[in-house]
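Taken in sequence, the protein lines are chains A and B.
When you line the first sequence up against the numbering used here, it's residues 65 to 460, in that order.
When you line the second sequence up against the numbering used here, it's residues 65 to 460, in that order.
Backbone N, C-alpha and C define an ideal beta-carbon position, used for all residues, glycine too.
Owing to the predicted nature of the structure, the values given are computational and were not obtained by experimental measurement.
Notes follow the structure.
2 protein chains.
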Amino acid sequence: MKKEIANFDYYNPTHIVFGKNRFSDLADLIAADKKVLILYGGGSVEKFDTLSKVREALNGRTIGEFGGIEANPTFETLIEAVDLVKREGYDFLLAVGGGSVIDGTKFVAAAARFLGDPLDIFGNGVGASKPVKEALPFGTVLTLPATGSEMNSGAVVTIKSKKAKVSFGSPVTFPVFSILDPELTYTLPERQLANGVIDSFVHIMEQYLTYPVGAMVQDRYAEGLLQTLIEIGPSVVDEKNHDYNLRANFMWTATNALNGTLNKGVPGDWASHSLGHEITALYGIDHARTLAIVLPALLTIRKKEKFDKLVQYAERVWHLTEGSNEAKVDQAISNTGQFFESLGAPIYFSAYDLGEEVVDALVSQLEKHQLTAISERGDQTLEVSRAIYTEALKSK
Amino acid sequence: MKKEIANFDYYNPTHIVFGKNRFSDLADLIAADKKVLILYGGGSVEKFDTLSKVREALNGRTIGEFGGIEANPTFETLIEAVDLVKREGYDFLLAVGGGSVIDGTKFVAAAARFLGDPLDIFGNGVGASKPVKEALPFGTVLTLPATGSEMNSGAVVTIKSKKAKVSFGSPVTFPVFSILDPELTYTLPERQLANGVIDSFVHIMEQYLTYPVGAMVQDRYAEGLLQTLIEIGPSVVDEKNHDYNLRANFMWTATNALNGTLNKGVPGDWASHSLGHEITALYGIDHARTLAIVLPALLTIRKKEKFDKLVQYAERVWHLTEGSNEAKVDQAISNTGQFFESLGAPIYFSAYDLGEEVVDALVSQLEKHQLTAISERGDQTLEVSRAIYTEALKSK
C-alpha cells in the first residue's frame, strides 16, 4: 500500500526575537508588573556580560536570580528554584543560557504551578506522568545553538537520586519569547560549536532518515537544513570566525531543526539519541559526540530498512548522482562520517580508547531501559543495537 | 559591503489541524461556552456538505450563520456581519471557505471589538490606520489552498463605495486554529486549483527573488517549496486526480508560502501583486492569472537587478547547471512562463484579446495609486512598470 502523510497538529506560539542588540526588547517583552526570576548556569553568562545586559534591560524591575543550573540539569537543583519561586512569588521566569538552562526553566515553570508530587510531571518509570496543564510564563535568551529547546515545549531533566534522565512536554511549556542573538555565539569555544552543529544535524536526520511517506515539504525543509549545516559547519567551528551571517545561519538552523516543523506527518527514528545517551551515561562522552559515533554506524547497519530514504539523502543532500543506488548510499554514509570528523568529532570508540568491552555494557543498559524495540518501525532489537555499537568500534 | 541578514521577529500562534476527518476536532477546539458565528461565501460549501459537517461537529452549540461573503470580500457586506455579531452577542467566529472568507472574517473579528470608525482599521488613504489591539477569537476551515490567510494575520478587503482594495494586519488577527483537510480540495475545479498553485508560487517568489543577503535557511525553504510546486503542479490541476498526498502537499505548500517563514530577515518584492491588481481591477482577470502574466515579464525586465538571485534560482530550483549564467537565467525565466502555461494560465495579454492599449491604462492606475517606486530597492519606477506590461503584451 502506498504510504500516506499522517494527520498532524502544528502549534508553536513562541515569539522569536532574532538579531543583533535585541536585549533592549526585554523591557517590552515582559509586562512591567511581572516579578522576574532570571535562571542561568555557570560563569560564562557572567563572564561574557550577557547577564549584565539582561539586568540592564530590566533595570527598575523587581528581579531575582538563580544560578548554578548544571549542563545536565538535575531535579535536585531545580526543585530549589521551584521553592524560591513559590517563596518569593515570582510570576515570570527568564532563562539565560543554552538548552540545559532552558530545559531546567521549563521544569521550574511547570512545577511551580503543579499540584501534587513534582516527580509526577515525568513518566519513564519515575513518576505518574500526569499532564502539565498550567505553567508560569517564561522567556529565554539563547547563548548556545544546539538543542532547539528555545522554540519547543520539551525538556530533559536528570534525577540524580534515581540515576534517571527523564523528559516531559506540554502545550503550556513553550517559551513566550526567545531572544536569538547570533553575536552571543562569538564567545563559544570550538568544542561547543561543533557539538551544536552535530546535535542539530542528528536532530534533523532523526526526523528525516526513515522511510518515505511522500511528505514533500517536510523532506525539502530537512534537506535544506542538512545542506546548510554541511556547507557552514567547518567554518562555524572556527571559533575565531565572527562572520555574522555564518553564526546567524547556524543559530536559525539549530532552532528550525527541532521546532516541530520537520516531524509533521512523518515517521521518526530517535534511536541515535537512545544509543548515544547510554554512551554518555557510561563513559561521560559529550552528548553530541556520542551521536557522531552512533549515526554513521546506525545508517550502515540499517541500510536495508532505510534504503529508499538513503538514496534520496545521497542525491539531494550530497548531490551524488553517478553510479548505482547502492554506491550512492555507501558514499553518503561515508560522507556523513567524514563531515563529523571534519568538525573534530571522532566516529569510532577507538578514538576514546574504548574497545569491544563497551558493546556488552551498552547493550545491557539498553535492555535495562527497555529500549528493545526502537526506531521508526520498532524493529531495532537489542541484537541490531549490538551490531551498531560493534560497527562503531574502530575503522576497518 | 557584504549584505547581512536583517533582524527579524517570528510569531505565529495558529494551531494547524491537518489531515483527514478532522472536523470532529471542532468540538474540542472551540470552548463549549462560546456562541459561534459561522461565516462562509457562496453555495459550494453548502453543495459539498462542508457546512453540514461543521454543523454536525458543533451539534448542541449555540450557533449562527452568515453567508454571502464575496470572492473579493467587501466592507459593505462584512459590516453587516459585524452588526450581527454585536446584536446577537457572538464571541467566536468560524470561517468556512477560502482566502476571501478568511480575510473577511479577520475584518469582522477586528471590527467587532474596534472602538470608533471601522474604516480606521485600514490605511491606504481610506482610514486613519489605527492599530487593531483586540479582536474576537476565530478559527477557519480551509476549502481552497492559495492565499495562506489560514496561517497569517493579514487581510485584504474591498471598499466598494471608495473603489479601493485595502489591507490590514495585527498580531491579534491570527486564526486560533485552522483545519486543513486535503480531501476538501477534491471538489475544486481545475481553474481554482491552477490559481492556487500560481498564487502560492508567486508568493514564494516575491519573498525569494530579490537580491541575496545570505539567509540560507529562508532560501532553502523557498527553493524547496518552489520545487514542490513545479513537481506537483501539473498533477494538482487535474481535478479528477484525488491522490491524497498530492493534495496534502499542495495544501501544506500553499500555507507555508505565506505563513511568515520565508520573509524573515530578507528583502521582499511585492511588485508582481501590485501590477497584477491593476489588471484585475481594469479587465477582471482572475488574480492568480494576472500574476502569471506579470511575473515572467518582470523577471525579464528586471534581470540585471535580480541577476545574482536569478542564477541561484536557475541552479537550485530548475537544476540548470550547464552554460553561462546569462543562459541559465534566460532558461529559468522561460521555464517559469512555461510552467504557468502548463497549468492553463496564459502569460501574455494577447491571450485575453488585449493589446497595447492596456499599457497606458495600467500605468495610469499605478500612478493614481502612487505605486511609483516599488520592488525590493524601491527602484521600480512607472517607466520600468511600463516596460514590464509591454513585455507581457505578446509572445515574440
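query, result
"If you measure beta-carbon to beta-carbon, which residues of the stretch 260 to 284 of chain A are closer than 9 Å to chain B?", "V277, G278, A279, M280, V281, Q282, D283 and R284"
"Under a three-way DSSP split, which group does E379(A) fall into?", "helix"
"Opposite G218(A) in the DSSP bridges: which residues?", "G233(A)"
"In this structure, how does DSSP classify S116(B) when only helix, strand and coil are distinguished?", "helix"
"So which of D333(B), G332(B) and H351(B) has the shortest CA-CA distance to G340(B)?", "H351(B)"
"Take V196(A) and list the residues in its own chain whose beta-carbon comes closer than 7 Å to its own, dropping the five residues that flank it on each side.", "A174, F178, I185, F232, S234, V236 and T237"
"Am I right that V423(B) and R450(B) are in contact with their C-beta atoms under 8 Å? What's the rounded C-beta distance?", "6 Å"
"Is it buried or exposed, R366(B), if we count other Cβ atoms within 10 angstroms and call 16 or more buried?", "buried"
"Using 8 Å as the Cβ pair cut-off and three pairs as the minimum, do the stretch 159 to 170 of chain B and the stretch 103 to 116 of chain B touch?", "yes"
"CA-CA distance, L359(A) and A96(A)?", "47 Å"
"Round the Cβ separation of T138(A) and T204(A) to the nearest angstrom and send it over; I've been treating them as touching at under 8 Å.", "Incorrect: roughly 19 Å between the Cβ atoms, too far for contact."
"Let me make sure I understand the geometry here. Which of Q395(B), Y75(B), D443(B) and V118(B) has the alpha-carbon closest to that of F241(A)?", "Y75(B)"
"So, with DSSP's three-state summary, where would you put G288(A)?", "helix"
"Closest by CA to L289(A), which one among M315(A), Y308(A), V301(A) and A279(A)?", "M315(A)"
"With T61(B) as the anchor, note down where its alpha helix (DSSP H) starts and where it stops.", "With chain B covering 65 to 460 only, the question about residue 61(B) has no answer from this structure."
"Opposite I397(B) in the DSSP bridges: which residues?", "Note: I397(B) sits in no beta bridge, so no partner."
"Is it the case that the stretch 307 to 314 of chain A contacts the stretch 272 to 290 of chain B, given that we only count it when at least three CB pairs across the two stretches are under 8 Å?", "yes"
"Identify which residue in E440(B), P209(B), A135(B) and T319(B) has its Cα closest to the Cα of P331(B).", "E440(B)"
"With 7 Å as the limit, tell me which residues of the stretch 313 to 327 of chain A have their beta carbon closer than that to any beta carbon of chain B; keep them in chain order.", "N313, W316, T317 and N320"
"Quick check for students: name the residue ranges of the alpha helix (DSSP H) that lie wholly in the stretch 83 to 171 of chain B, counting only runs of 4 or more.", "90 to 93, 108 to 111, 114 to 121 and 139 to 152"
"Hey, does T207(B) have any beta-carbon neighbour from chain A nearer than 8 Å?", "no"
"Identify the contact partners of R86(B) in chain A, using a Cβ-Cβ distance below 8 Å as the criterion.", "N71"
"Measuring alpha carbon to alpha carbon, tell me which residue in G260(A), S338(A) and D443(A) is nearest E303(A).", "G260(A)"
"I'd like the span of the alpha helix (DSSP H) that includes I452(A), first residue to last.", "L446 to E455"
"How is the beta strand (DSSP E) around I243(B) delimited, first residue to last?", "F241 to L244"
"Determine which residues of the stretch 288 to 300 of chain A have a Cβ less than 8 Å from any Cβ of chain B, and write them out in chain order.", "G288, L289, Q291, T292, E295 and I296"
"Spell out whether any CB of chain B is found under 8 Å from the CB atom of I94(A).", "no"
"For the beta strand (DSSP E) containing Y275(B), list its first residue and its last residue.", "First-last for Y275(B): undefined, no H or E at that position."
"Straight-line CA distance for L244(B) to S264(B)?", "16 Å"
"By how many angstroms is the C-alpha of A176(B) removed from the C-alpha of V149(B)?", "7 Å"
"Taking K458(B) and Y416(B) to be in contact with their CB atoms under 8 Å, please state how far apart those CB atoms are, rounded to whole angstroms.", "11 Å between Cβ atoms; not a contact."
"Within 8 Å (strictly less), CB to CB, does H341(B) reach chain A?", "no"
"Closer than 8 Å, CB to CB, is N305(B) near chain A or not?", "no"
"For I185(A), list the residues DSSP reports as bridge partners.", "Answer is none; I185(A) lacks a bridge partner."
"Just checking: is the beta-carbon of P77(A) within a distance shorter than 8 Å of some beta-carbon in chain B?", "yes"
"Determine, using beta carbons only, whether I357(B) and A456(B) come nearer to each other than 8 Å.", "yes"
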